[in-house]
Amino acid sequence: MMPRSNAHMWFVGPALILMFVILLLPIGMAGVLSLTDYSLGNAGASWVGLDNYEKIFTRSTYAKMFGATFRYVFVVVPLSVGLGLGAALLIHSTKRFGDLYKTIYFLPVMAALIAMAIVWEFALHPTIGLVNSTLEQGCGTFLESWGWFAQGCERGFPLWLTDRKYAIWVVSFIGVWQGFGFNMVLYLAGLTSVPRELYQAAEMDGAKSSWDRFRLVTWPMLGPTTVFVVTISFIRSFQVFDTVEAFYPQGGGPSKSVYVMMFAIYEKAIQQNLMGIGAAITVVFLAFVMILTIIQRWLVERKVHYT
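Residue numbers (our numbering): 514 to 820.
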């Protein structure tokens with residue numbers, strides 16, 4: 514019997530080492546730091562155990578952090594996925610100007626989000642902004658029969674970025690605007706892989722309408738793409754930071770209404786030099802991302818159809 518060769522370790526070993534050094538080791542270090550009160554510049558650190566986690570799950574500031582984060586995630590993910598799919602279907606079905614539409618929809622993804630945040634900040638300005646100026650044009654028309662619109666015409670339209678009732682929804686809208694073009698490209702790639710013969714077979718079986726063809730062929734065949742798109746959208750939504758930092762560099766918005774987890778990590782670990790609590794929020798952040806990713810993959814993959 515010939516001895517077993519370990520040649521494969523020369524190929525697998527470097528990848529395992531890189532995974533340990535780049536991924537697992539930093540996560541492990543964050544886990545250890547989260548159990549201390551370590552701060553940069555201090556000679557040592559005291560072991561505090563689970564005190565940092567107790568603060569995260571008991572104090573009102575962190576309750577607002579969870580609320581803002583989950584509001585953002587559960588608004589941005591379904592809307593960006595749905596709009597991305599809709600835009601992909603429209604572009605895939607059009608015969609003219611398809612490349613132009615792709616460029617227009619994908620432009621927010623390519624643009625620097627900080628620069629776009631500044632543009633949105635001007636657009637949402639309460640007095641000189643384009644949004645409120647456009648809404649004011651509707652005063653005196655049939656739109657004023659709507660209670661909210663009539664109140665805006667009488668008292669002025671909202672201070673979108675400084676009103677705690679609207680701030681998180683405005684940031685979520687910008688997240689949808691910035692993210693659905695990326696999902697559109699992924700769905701376009703999935704649509705090109707759907708065999709045309711399936712549509713012909715479905716039509717022969719009685720699927721005459723566009724809805725029937727989408728329901729019976731397109732959507733099932735896009736199952737693997739949807740799993741990937743939803744997973745990526747969840748991760749990208751949990752990682753929102755640039756827009757919040759651009760709008761509210763000194764805090765998480767009015768009354769901490771936009772105090773998302775990534776900004777909380779930045780504030781505690783970088784601005785306040787509380788590395789222990791910052792690391793604890795990081796660990797909780799990673800746990801949420803992992804749990805939600807596993808759940809949504811399990812739910813979606815149950816209905817995935819492969820060719």
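Glycine included, C-beta positions come from ideal geometry on N, C-alpha and C.
Query, Result
"Pick from Val698, Leu626, Ile807 and Thr574 that is closest to Glu780, judged by C-alpha positions", "Thr574"
"Of the listed residues Thr744, Gly562, Met775 and Leu711, nearest to Leu729 (C-alpha basis)", "Leu711"
"Rounded C-alpha distance that separates Tyr700 from Val590", "15 Å"
"Sequence-distant residues of its chain with Cβ nearer than 8 Å to Thr640 (five each side left out)", "none"
"Straight-line gap, Phe693 to Ala558 (C-alpha atoms, nearest Å)", "44 Å"
"Run of the alpha helix (DSSP H) containing Phe524, from where it starts to where it stops", "Met522 to Met532"
"Trp548 vs Asn786 beta-carbon contact at 9 Å", "Note on residue identity: the sequence assigns Leu, not Trp, to residue 548. Not in contact: Leu548 and Asn786 (Cβ atoms no closer than 9 Å)."
"Continuous alpha helix (DSSP H) assignments of at least 4 residues falling wholly in the region 687 to 721", "709 to 717"
"9 Å Cβ cutoff met for Val689 and Thr756", "no"
"Nearest-angstrom Cβ-Cβ length linking Tyr585 and Val773, presumed shorter than 8 Å", "6 Å"
"Cα-Cα separation, Gly791 to Phe776", "10 Å"
"Alpha-carbon to alpha-carbon, His605 and Tyr614", "10 Å"
"C-beta atoms of Pro621 and Gln664 nearer than 9 Å", "no"
"Counted within 10 angstroms of its Cβ, other Cβ atoms place Phe751 as buried (16 or more) or exposed", "buried"
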